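Enquirer:
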Amino acid sequence: MRILCVHGAAINGDIFASKTEKLRALLPADYSFVWPDGEHEVTPIQSLSDTYPGPYLSHLEEITTRGIRRSIERLEACIEEDGPFDGVMAICEVLSF
1 MRILCVHGAA
11 INGDIFASKT
21 EKLRALLPAD
31 YSFVWPDGEH
41 EVTPIQSLSD
51 TYPGPYLSHL
61 EEITTRGIRR
71 SIERLEACIE
81 EDGPFDGVMA
91 ICEVLSF
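In this text, residue positions in the sequence shown follow the UniProt record's numbering: the first is 1, and each later residue adds one.
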């Protein structure tokens, strides 16, 4: 099984992987994960930057129709290039896509 893992704002794929390590350990060993990073740098909250090195990224540049459309297009390109995927694991604002 291949899972597309889409992080939320102010983290990146490496941080998302770290935060889901225990969950992924419960899954079968043949599961694989793809962690595309957002392309927009954002300012993290202090507790996050004290714990994890950056960069701190978001898939959304702006929460507008145009910004959401660009983010969806970028994720569609990831699916075309790195897919197919059997599932999606996502957090925060990406759930609204």
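From the three backbone atoms N, C-alpha and C, an ideal C-beta is built for every residue, glycine too.
These numbers come from a predicted model, not from an experiment.
Cβ of Pro36 within 8 Å of Cβ of Gly13?
Expert: Counted from its first residue, the sequence shown places residue 36 at position 36. Counted from its first residue, the sequence shown places residue 13 at position 13. Contact: yes.
Enquirer: Checking 8 Å against the spacing of the C-beta atoms, do His59 and Ser71 come in under that value?
Expert: Here the question's residue 59 lines up with position 59 in the sequence shown. Here the question's residue 71 lines up with position 71 in the sequence shown. Cβ atoms of His59 and Ser71: closer than 8 Å.
Enquirer: My guess is that residue 186 and Glu61 are in contact by the Cβ rule of under 8 Å, so how many angstroms apart are they, rounded?
Expert: Since the displayed the chain opens at 1 and closes at 97, residue 186 lies outside it and no answer follows.
Enquirer: Give a yes or no on whether the C-beta atoms belonging to Ile91 and Gly38 are separated by under 8 Å.
Expert: Residue mapping note: residue 91 aligns to position 91 of the sequence shown, counting from 1. Residue mapping note: residue 38 aligns to position 38 of the sequence shown, counting from 1. Result no, Cβ atoms of Ile91 and Gly38 do not sit closer than 8 Å.
Enquirer: Identify the continuous beta strand (DSSP E) that holds Ile3 and give its terminal residues.
Expert: The residue you call residue 3 lines up with position 3 of the sequence shown. Unbroken beta strand (DSSP E) run through Ile3: Arg2 to Val6.
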